[in-house]
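Reading through the structure tokens given below for one structure.
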Amino acid sequence: MKLPAHNRYAHSAIPTRPTYEWPGGKRLALLVVNNIEHFAYRAGIGSDVTGGSPVQNQRAYAWRDYGNRVGLWNLLDTLDALDIPAAHNINSAALEACPEIAPALRARGDEFVGHGRSNSERQDGMWEEDERRLILESRDVLAQHAGVAPRGWLGPYIAQSAVTLDLLREAGFTYVMDWPADDQPFWMATRAGPILSVPYSVELNDSPALIMRQQTGRDFAEMIRDQFDEMLEQSARRPLVMSVVLHPFILGQPHRLRPLRQALRHVLAHRDQLWVTRPGELADYVAGLPAGTIPGSEG
Numbered sequence: 033m034k035l036p037a038h039n040r041y042a043h044s045a046i047p048t049r050p051t052y053e054w055p056g057g058k059r060l061a062l063l064v065v066n067n068i069e070h071f072a073y074r075a076g077i078g079s080d081v082t083g084g085s086p087v088q089n090q091r092a093y094a095w096r097d098y099g100n101r102v103g104l105w106n107l108l109d110t111l112d113a114l115d116i117p118a119a120h121n122i123n124s125a126a127l128e129a130c131p132e133i134a135p136a137l138r139a140r141g142d143e144f145v146g147h148g149r150s151n152s153e154r155q156d157g158m159w160e161e162d163e164r165r166l167i168l169e170s171r172d173v174l175a176q177h178a179g180v181a182p183r184g185w186l187g188p189y190i191a192q193s194a195v196t197l198d199l200l201r202e203a204g205f206t207y208v209m210d211w212p213a214d215d216q217p218f219w220m221a222t223r224a225g226p227i228l229s230v231p232y233s234v235e236l237n238d239s240p241a242l243i244m245r246q247q248t249g250r251d252f253a254e255m256i257r258d259q260f261d262e263m264l265e266q267s268a269r270r271p272l273v274m275s276v277v278l279h280p281f282i283l284g285q286p287h288r289l290r291p292l293r294q295a296l297r298h299v300l301a302h303r304d305q306l307w308v309t310r311p312g313e314l315a316d317y318v319a320g321l322p323a324g325t326i327p328g329s330e331g
């Protein structure tokens, strides 16, 4: 009797892997990744501040829309003040609905990451042809606004179908953040060649923490500090990636900004020990490491 398997990567225990370093001899990479999302009005799916059983009414829509009208700009001001480069998982519909967003991200030099068309839909239940069209449309809209095609992808709700990795690689994507299986990057197999998994936390992520588990902004800030302190200590033994995942309609709320800022200042007090980067830059660096260094690159 065998359980279903994905055949995308082989098992690899982190203590058994080769040791390497990030640029500048650093051992801990920090990724700050923000999600910019757009939703249908009174239709589809979407988060709700009241918890895990959302009702798609005007209140839930307006709370999420606060993120693009106000919350995003609060977060960008915070990132600017702390000199933090960021990546943004972007619904393509958000760029079409909110014309101020793309120029602001380009001015910061930030990375645009594919994040579907809207978080009112999931791709894991689509036919393959429909999912392919979704990926290509999302890619092309981001390319139009960013001036360069995105190379990374995070599906809405971190969801994938059985063929998502194949479709992404065929569309020119080189890395994904949908597989929270590791604190190091690893290569995955697709029918079009390898694609890199970049660590993206579902734990240090404000949506499951504050919406599903109903934790507070101060709880989340404490999680950031504890995660960082522990990973910095562990990184003496091996290179690691710490990601902090934000949503403007959640962490962009003023009462949550202050503890977030305090937590990030705690992290950045150790900046000389960190590689503060974006996922695309990390993926580029990994792609240049010798074969056999990263799990999945042995062949």
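According to this note's numbering, the residues represented by the sequence shown are 33 to 331, in order. Backbone N, C-alpha and C fix where the C-beta goes; we use that ideal spot for every residue, glycine too. Computed from a predicted structure; not experimentally measured.
Check, Outcome
"Close beta carbons around Asp97, own chain, < 8 Å, minus the five adjacent residues each side", "Phe71 and Phe281"
"Cα-Cα separation, Ala118 to Gly312", "10 Å"
"Candidates Glu254, Val276 and Gly78, of which the one nearest Val230 by Cα", "Val276"
"Residue nearest to Ala194 in terms of C-alpha spacing, selected from Met158, Leu300 and Ala253", "Met158"
"Counted within 10 angstroms of its Cβ, other Cβ atoms place Pro217 as buried (16 or more) or exposed", "buried"
"For Leu289, the three-state DSSP class (helix, strand or coil)", "helix"
"Complete runs of the beta strand (DSSP E) confined to the region 39 to 108 [at least 3 residues]", "60 to 68"
"Spatial neighbours of Asp112 in its chain, beta-carbon cut-off 8 Å, leaving aside the 5 residues before and after", "Arg140"
"Where Gly148 falls, given that 16 or more other Cβ within 10 Å makes a residue buried", "buried"
"Test item: CB-CB of Glu143 and Arg310 under 8 Å", "yes"
"Own chain, CB closer than 8 Å to Trp95, minus 5 neighbours either side, in chain order", "Asp80, Val81 and Phe281"
"Residue of Glu262, His177, Asn106 and Arg165 minimising C-alpha distance to Pro135", "His177"
"Supposed contact pair Leu314 and Leu63 - C-beta distance, whole angstroms, cut 8 Å", "7 Å"
"Cβ distance (whole Å) where Leu168 is taken to contact Ile122 below 8 Å", "Contact flag wrong, Cβ pair sits at about 15 Å."
"Boundaries (first-last residue) of the alpha helix (DSSP H) holding Gly312", "Pro311 to Ala319"
"Proximity winner among Ser85, Pro291, Val318 and Asn100, relative to Ala129 (alpha-carbon distances)", "Asn100"
"Any beta strand (DSSP E) of 3 or more consecutive residues that is wholly inside the region 183 to 266", "218 to 220 and 227 to 229"
"Between the CA atoms of Gly57 and Ser152 - distance to the nearest angstrom", "42 Å"
"Range of the contiguous beta strand (DSSP E) that encloses Glu330", "Per DSSP, Glu330 belongs to no beta strand (DSSP E) and is neither H nor E."
"DSSP state of Ala119 mapped onto helix, strand, coil", "strand"
"Selection from Asp210, Leu236, Arg270 and Val308 that minimises the alpha carbon distance to Pro50", "Arg270"
"First and last residue of the uninterrupted beta strand (DSSP E) at Ser275", "Leu272 to Leu278"
"Local Cβ density within 10 Å of Arg245, reported as buried at 16 or more and exposed below that", "exposed"
"Residues of its chain near Pro327, where Cβ-Cβ distance is below 6 Å and the 5 sequence neighbours each way are ignored", "Ser44 and Phe218"
"When Tyr317, Trp54, Ser150 and Tyr52 are compared against Gly76, the one with the closest alpha-carbon", "Ser150"
"Whole-number beta carbon distance between Asp215 and Val273, since they are thought to touch under 8 Å", "6 Å"
"Beta carbon of Arg201 nearer than 8 Å to that of Gly184", "no"
"Short CB-CB distance (under 8 Å) between Leu63 and chain B", "Absence of chain B from the displayed structure is noted, only one protein chain being present."
"For Glu143, the three-state DSSP class (helix, strand or coil)", "strand"
"DSSP beta-bridge partners of Val308", "Leu62"
"Proximity below 8 Å, CB of Asn67 to CB of His279", "yes"
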